[in-house]
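One structure is given below, encoded as structure tokens.
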């Protein structure tokens, strides 16, 4: 069988402990990730200390633990560390009295903490808490208008001599119909005499442009964006190879060409390292499953000589490009535009920028096709203008190939790569539906073709 990418006994001497993220790694809500329970049991047998971490703030540690053990895991309370328990430790150490913007279940982790006359704020994933309950607690009046809560906080931020920091993780979760919550929060640092520092964290690189466009027109509220660039192909290859070096017979698990193929595909799509590792893991499981089936189907020889030595087990089969390609097709799907009755998938930012660049060039030049070389040059300028990392020409061509297989673009081959011609294979009216991002498209079209400088 193929050697699984798990800790072996040899690793126990090198590694003293393992931190395992919870949501998205071993479970998603009430669903166990395939093989997670078995993998955890094998890991514990090595004797390595195991601890579990999570940044969830929507439920208490006890609720989370009951959920995990109810799914079949065997996890002790002292093995789990959450962001809520970390916040409680900070509150106790500094003798703070927090105002809790938490759900009712998450608030259980702060049982016994003094919350009277608050001098600190703990914010979790609980949009409903930005309403009457908090206002009543602060002002002491029943049926208090929501505006009173906002006014209280604004006065507190403007009058305090202390520098306060609010960190909004998973900012996407606060999105609402009119974005009133987010606009209000983003205005707080610009209040007169305010010493508030607001740090927002989101997965989408274009979040503020897409759902908070009015911030661009207000210099004091306009956020400073810090983009963490996606992983490049070379970085993905290096990380996968480093992971394999700590596994016994790691070089026999994945073929070098398969690693390169995986890195090329993932870097062209979104540059998500977790996705690359997940693809490799699932490809290993595909090969392992296939070899198990072969062993089961082999005939059993009952009349063998007792002196005959057992045959040497066959050398484990490496994961090749075909297995990686199969998993990539499963992970990313074969089409960008969903069919009737199927939920529309989210298109990665790089693909959106590529399609928007194409539309800009065809509208500007009144043509239906563009040359790949000039297409890539224009795309790079748009990425620079929007302060987004850009793909090299080789990875850019790979991204065009992916969009071609999904029925959005057509490519006419040529001996010179830069002379290849690219066409749009769907109607322009369908682009809005495919992108699901009219703000990005309209802003790029309004800005026009970038200058040649």
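In this note's numbering, the protein residues as written are 4 to 456. Built from N, CA and C at the ideal position, the CB exists for glycine as well.
(request) Give the straight-line distance between the Cα atoms of residue 78 and residue 34, rounded to the nearest whole angstrom. (result) Here residue 78 is taken as the residue at index 75 of the chain shown, counted from 1. Here residue 34 is taken as the residue at index 31 of the chain shown, counted from 1. Cα to Cα, the separation comes out at about 16 Å.
(message) Distance check for residue 422 and residue 320, CA to CA, integer angstroms please.
(response) Along the chain shown, read from residue 1 onward, the residue named residue 320 stands at position 317. Along the chain shown, read from residue 1 onward, the residue named residue 422 stands at position 419. If you take the alpha carbons of residue 320 and residue 422, they lie about 40 Å apart.
(message) If I follow the unbroken beta strand (DSSP E) through residue 387, where does it start and stop?
(response) By 1-based counting over the chain shown, the position of residue 387 is 384. Premise fails: residue 387 lies in the alpha helix (DSSP H), 375-388, not in any beta strand (DSSP E).
(message) Suppose the cutoff is 6 Å on Cβ atoms and the five residues either side in sequence are ignored; what does the same chain contact list for residue 199 look like?
(response) Position 196 of the chain shown, counting from 1, holds the residue named residue 199. Once the five neighbours on either side are set aside, the close Cβ partners of residue 199 are 160, 167, 191, 192.
(request) Tell me whether residue 270 sits in a helix, a strand or coil according to DSSP, three-state version. (result) Residue numbering aside, residue 270 sits at position 267 when the chain shown is read from its first letter. Of the three classes helix, strand and coil, the one that applies to residue 270 here is helix, per DSSP.
(request) Report all residues from its chain with a CB closer than 7 Å to the CB of residue 327; omit the five preceding and five following residues, and keep chain order. (result) Sequence index remark: in the chain shown, residue 327 carries index 324 (1-based). Once the five neighbours on either side are set aside, the close Cβ partners of residue 327 are 261, 264, 265, 282, 286.
(request) Please state whether DSSP places residue 23 in a helix, a strand or coil. (result) Translated into positions along the chain shown, residue 23 becomes position 20. In the structure shown, residue 23 sits in a strand (DSSP, three-state: E or B).
(request) Alpha carbon to alpha carbon, how far is residue 69 from residue 382? Give it in angstroms, no decimals. (result) Within the chain shown, residue 382 is the residue found at index 379, counting from 1. Within the chain shown, residue 69 is the residue found at index 66, counting from 1. Taking the straight line joining both Cα atoms gives about 49 Å.
(request) Consult DSSP for residue 342 and reduce its assignment to one of helix, strand or coil. (result) Position 339 of the chain shown holds residue 342. Reliability fails at residue 342, whose pLDDT of 37 lies under 50, so the model's placement of it is uncertain and the value that follows must be treated cautiously. In this structure, residue 342 counts as coil in the three-state DSSP scheme.
(request) Can you tell me which of the three DSSP states residue 279 falls into? (result) Stepping through the chain shown from its first residue, residue 279 is reached at position 276. Residue state, collapsed to three classes: helix.
(request) Confirm, please, whether the CB-CB distance from residue 322 to residue 257 is below 8 Å. (result) Counting from 1 along the chain shown, the entry for residue 257 is found at position 254. Counting from 1 along the chain shown, the entry for residue 322 is found at position 319. Yes; because the gap between Cβ atoms is below 8 Å, this pair is in contact.
(message) Just to confirm, is the Cβ distance from residue 170 to residue 214 under 8 Å?
(response) Locating residue 170 in the chain shown gives position 167, counting from the first residue. Locating residue 214 in the chain shown gives position 211, counting from the first residue. No.
(request) Can you check the stretch 21-78 for any alpha helix (DSSP H) of at least 4 residues that lies completely inside it and give the ranges in chain order? (result) 39-48, 64-73
(request) Determine, using beta-carbon pairs with one atom in the stretch 181-190 and one in the stretch 400-420, whether at least three such pairs fall under 8 Å. (result) no
(request) Identify the continuous beta strand (DSSP E) that holds residue 123 and give its terminal residues. (result) For the purposes of this step, residue 123 is taken as the residue at position 120 of the chain shown. From DSSP, the beta strand (DSSP E) with residue 123 extends over 123-126.
(request) Using three-state DSSP, classify residue 168 as helix, strand or coil. (result) Residue mapping note: residue 168 aligns to position 165 of the chain shown, counting from 1. Three-state DSSP puts residue 168 in a strand.
(message) What does the Cβ neighbour count give for residue 269, buried or exposed, with the cut at 16 atoms within 10 Å?
(response) Along the chain shown, read from residue 1 onward, the residue named residue 269 stands at position 266. The residue in question, residue 269, is buried, as its Cβ has 16 or more Cβ neighbours within 10 Å.
(request) Please state whether DSSP places residue 400 in a helix, a strand or coil. (result) On the chain shown, position 397 is the one that residue 400 refers to. In the structure shown, residue 400 sits in a helix (DSSP, three-state: H, G or I).
(message) For residue 146 and residue 155, I'd like the C-alpha separation in whole angstroms.
(response) Translated into the one-based positions of the chain shown, residue 146 becomes position 143. Translated into the one-based positions of the chain shown, residue 155 becomes position 152. In this prediction, residue 146 scores a pLDDT of 49, lower than 50, which makes its location untrustworthy; no coordinate-derived value is stated.
(request) Counting only the same chain and skipping the five closest in sequence on each side, list residues whose C-beta sits under 8 Å from that of residue 28. (result) On the chain shown, position 25 is the one that residue 28 refers to. If we look at residue 28 and ignore the five residues flanking it on each side, its Cβ neighbours are 36, 39.
(request) Taking all protein chains shown into account, decide if residue 183 is buried (16 or more other Cβ within 10 angstroms of its Cβ) or exposed. (result) Translated into positions along the chain shown, residue 183 becomes position 180. Result: exposed.
(message) Is it buried or exposed, residue 57, if we count other Cβ atoms within 10 angstroms and call 16 or more buried?
(response) If you number the chain shown from 1, residue 57 lands on position 54. So residue 57 counts as buried.
(message) Suppose the cutoff is 8 Å on Cβ atoms and the five residues either side in sequence are ignored; what does the same chain contact list for residue 54 look like?
(response) Taking the first residue of the chain shown as 1, we reach residue 54 at position 51. These residues qualify, in order along the chain: 20, 21, 22, 23, 82, 83, 84.
(message) The beta strand (DSSP E) that contains residue 189, what's its start and end?
(response) For this step, residue 189 is matched to residue 186 along the chain shown. First-last for residue 189: 183-190, but that is the alpha helix (DSSP H), not the beta strand (DSSP E).
(message) Strictly by DSSP, which residues pair up with residue 424?
(response) Indexing the chain shown from 1 puts residue 424 at position 421. BP columns for residue 424 point to 374, 415.
(request) Give the C-beta separation of residue 271 and residue 358 to the nearest angstrom, bearing in mind that I take them to be a contact with Cβ-Cβ under 8 Å. (result) As a first step, residue 271 is located in the chain shown; it is residue number 268 there, counting from the start. As a first step, residue 358 is located in the chain shown; it is residue number 355 there, counting from the start. Contact doesn't hold; Cβ gap of about 14 Å is too wide.
(request) Tell me whether the beta-carbon of residue 173 lies closer than 8 Å to the beta-carbon of residue 108. (result) Reading the chain shown from its first residue, position 170 is the one you call residue 173. Reading the chain shown from its first residue, position 105 is the one you call residue 108. Their beta carbons are not under 8 Å apart, which means residue 173 does not touch residue 108 by this criterion.
(request) Report yes if the CB atom of residue 103 is closer than 8 Å to the CB atom of residue 60, and no otherwise. (result) The sequence position of residue 103 within the chain shown is 100, counting from 1. The sequence position of residue 60 within the chain shown is 57, counting from 1. The answer is no: Cβ separation not under 8 Å.
(request) Pick out whichever of 390, 50, 443 has its Cα sitting closest to the Cα of residue 231. (result) Counting from one through the chain shown, the residue named residue 231 turns up at place 228. Selected option, being the one with the closest Cα: 390.
(request) Sort out for me which residues DSSP pairs residue 202 with in a bridge. (result) The residue you call residue 202 lines up with position 199 of the chain shown. Answer is 170.
(message) To the nearest angstrom, how far is the alpha carbon of residue 448 from that of residue 26?
(response) Taking the first residue of the chain shown as 1, we reach residue 448 at position 445. Taking the first residue of the chain shown as 1, we reach residue 26 at position 23. So the two alpha carbons sit approximately 39 Å from each other.
(request) Return helix, strand or coil for residue 101, following the three-state DSSP convention. (result) Walking along the chain shown from the start, residue 101 turns up at place 98. Correct three-state label for residue 101: strand.
(message) Taking the straight line between their C-alpha atoms, what separation do you get for residue 353 and residue 221?
(response) Residue 353 sits at position 350 when you count from the first residue of the chain shown. Residue 221 sits at position 218 when you count from the first residue of the chain shown. Whole-angstrom Cα-Cα distance: 27 Å.
(request) Count the other CB atoms, across all protein chains shown, that sit within 10 Å of the CB of residue 290; report buried if there are 16 or more and exposed otherwise. (result) Here the question's residue 290 lines up with position 287 in the chain shown. By the 10 Å Cβ count, residue 290 comes out buried.
(message) I need the boundaries of the alpha helix (DSSP H) containing residue 240, first residue and last residue.
(response) Translated into the one-based positions of the chain shown, residue 240 becomes position 237. Here the alpha helix (DSSP H) through residue 240 covers 236-248.
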